[in-house]
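What follows is one structure encoded as structure tokens, with my remarks underneath.
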Amino acid sequence: MLERSHIQSTGFHNIGPVGARTGFELRIRQPNYRSSRLSLIEGVDLVIDGVEYPAEQSRIRVGDRDYSHAEMAGETVARLYVGRFFTVIVPRPGGLAPGIHHVASSIRFRHPYFPPEFQPVFVRDARHATIIIP
Amino acid sequence: MSAFKYGVSLYSYTEDLGTVMTLEDAFDHVAGTGSTGIEILGETSIPTYPEPTTQWLDTWFALLDRYHLEPTNMAAWVDTRITIGRNMTVDEGTAQIALDLRLAHRLGFKFLRPKFGVIDGELTPDPIWEPAVERNLDLAHQLGIVILPEIHAPTPIRHPVTDAYIAFIERTGTKNFGLMIDTGIFQDRPLNKWGGGETDEIRKGALSFLNGIKVPVEHLVDVIKYVPFIQAKFHQIDENLHDHHIPWDRIVPMLKKLGYAGYLSSEYEGARDPWLSIEQVRRQHALIRKLETEYDAAHGGTVHA
């Protein structure tokens, strides 16, 4: 089972070759009460230690497949299921330094059954999370 | 004298399911309330929705048997604004409802609640709802399922949305479409916290909704003949068995007076601290059963165990 927080401890790590990291990844638990078609997730914005990583520049991995921001918007069949996580893949040359970081996430959910003025809804979380390996 | 049926929607255990509670745990908690019915959210409870695996189906039927529960309502969604730039067509809406009808039937459900996308702040459903439902009435009849849109705050009973659903029933003469009442419409005191996903934006923009729309319980008289199922929405019941928002002491006598004999399916939507929902649902069942017993005793009817 997953941690209660949306942001998950496990899975927060650098990516790319050691010594030439290209970015980092972060797992987020699907926080909605129902599974969502990927097209209903309008983006996932991150702020790490005060630095913004807007959704449009990241990719999202659901299961074994990675999606660009535009691909997510058009994916009306694949779903993000309750009780599962997705992974935000963020480009950042050099990756993140080992140690504890302050991580904030904001998911833009579009709920078609909400009045149009409440679309999207921002579902937020923030906590500390740890990078172990440079 | 008519008697309520008691059930629980797994929506009550939102956030716990998938973090600190398994599906079998949830069955145990539902059965532990003395309920006979279980309500699920199709795309939430079925890990590979819309196509359950054989293994999941085996588990589902084994749990129903072990815990002596019957499937009541399956909640589903018609995500009309399917992408940012495009709304579902009537064909797509029809296909979505047909898919959920077949799935609900396969799992043993008698009711399907499709939640349609809306076009305004009064929750007016996307106009595709009517042709999409109408094209499925024969299928629903064949499968023995009643399609139930919910009357949910901020939409009251006396409202064009409700009127349109009733006009549809009268025009088609169907027995496979009705109304589901969400008891949140009777909320008469403000919410401090909204378990359904409160955000600052919603709080600022929807104060009337959070304050409760205070529908008089007497308005049930207008629609009760179309209502075979009720979602018993609530948010907080304290240690003195006092509900802070929903006036059960008025709702229960009115439903009894009207002879309602369908399900009251708990829908807890309060604070989401781990496991808090388990006790909250139990308190609601204790409260409603107490009020039902008192009504029956005062009217010379059967006292229910």
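Just so you know, the sequences run in chain order A and B. Count along the first sequence from 1, then add 662; that gives the number in our numbering. Count along the second sequence from 1, then add 18; that gives the number in our numbering. Cβ atoms here follow ideal geometry from the backbone N, Cα and C, with glycine treated the same way.
Within the region 68–92 of chain B, no residue has its Cβ closer than 8 angstroms to any Cβ of chain A. Within chain A, no residue has its beta carbon less than 8 angstroms from that of residue 231 of chain B; the closest one is some 14 angstroms off. For residue 755 of chain A and residue 688 of chain A, the gap between their C-alpha atoms comes out near 16 angstroms.
Sequence-ordered contacts of the region 736–763 of chain A with chain B read 736, 738, 741, 743, 744, 745 and 746 [C-beta pairs closer than 8 angstroms].
If you keep only unbroken alpha helix (DSSP H) runs of at least 4 residues inside the region 101–148 of chain B, you get 108–125.
Among the CB atoms of chain B, none fall inside 8 angstroms of the CB of residue 729 of chain A.
Under the Cβ criterion of 8 angstroms, residue 112 of chain B is not counted among the residues facing chain A. By the rule that beta-carbons nearer than 8 angstroms mark a contact, residue 133 of chain B touches chain A.
With respect to chain A, the C-beta atom of residue 126 of chain B has no partner C-beta closer than 8 angstroms.
Between residue 90 of chain B and residue 133 of chain B, the gap from beta carbon to beta carbon reaches 8 angstroms or more.
The shortest C-alpha to C-alpha distance from residue 294 of chain B to any of B:313, B:41, B:280 and B:255 is the one to B:255.
Under the Cβ criterion of 8 angstroms, residue 310 of chain B is not counted among the residues facing chain A.
Put simply, the CB of residue 777 of chain A is near chain B, with a gap under 8 angstroms to one of its CB atoms. With respect to the 8 angstroms criterion, residue 195 of chain B and residue 155 of chain B are classified as neighbours on the basis of their beta carbons.
For residue 187 of chain B, there is no enclosing beta strand (DSSP E); the residue is part of the alpha helix (DSSP H) that begins and ends at 178–190. In terms of beta-carbon proximity, residue 97 of chain B lines the interface with chain A, with at least one pair separated by less than 8 angstroms.
Taking 8 angstroms as the cut-off, the beta carbon of residue 251 of chain B is found closer than this to the beta carbon of residue 201 of chain B.
In the structure shown, residue 746 of chain A falls within a coil segment according to DSSP collapsed to helix, strand and coil. Taking each of B:77, B:275 and B:86 in turn and checking the Cα distance to residue 50 of chain B, the smallest one comes out for B:86. Contact between the region 679–693 of chain A and the region 752–769 of chain A is present: 3 or more CB-CB pairs across the two stretches fall below 8 angstroms. Here residue 89 of chain B carries a strand assignment [DSSP, helix/strand/coil]. Of all residues in the region 41–64 of chain B, the ones placed with a Cβ closer than 7 angstroms to any Cβ belonging to chain A are 59, 61 and 62, in chain order.
Beta-carbon to beta-carbon, residue 743 of chain A and residue 697 of chain A are separated by about 4 angstroms, close enough to satisfy the 8 angstroms threshold. Non-local beta-carbon contacts of residue 123 of chain B in its own chain, meaning distances under 8 angstroms to residues more than five positions away in sequence, involve 161, 162 and 163 in chain order. In its chain, beyond the 5 residues on either side, 23, 24, 25, 86, 87 and 88 have a beta carbon closer than 8 angstroms to the beta carbon of residue 54 of chain B.
Below the 7 angstroms Cβ cutoff, chain B contributes 100 and 101 as neighbours of residue 701 of chain A, in chain order.
Annotation: residue 709 of chain A to residue 103 of chain B spans about 28 angstroms, alpha carbon to alpha carbon. Our two residues, residue 246 of chain B and residue 278 of chain B, have alpha carbons roughly 8 angstroms apart in a direct line. Around residue 29 of chain B, the beta-carbon contacts reaching into chain A at under 8 angstroms are 695. Residue pairing by DSSP places residue 766 of chain A opposite A:709 and A:788 in a beta bridge. Within the same chain, 74 come within 7 angstroms of residue 65 of chain B by CB-CB distance, once the 5 residues on both sides are set aside. Interface annotation for the region 277–303 of chain B against chain A: 292, criterion Cβ-Cβ distance under 8 angstroms. As DSSP reads the structure, residue 285 of chain B sits in a beta bridge with B:251.
Assigned with DSSP and collapsed to three states, residue 675 of chain A falls in strand.
In the structure shown, residue 759 of chain A adopts coil according to DSSP, grouped into three states.
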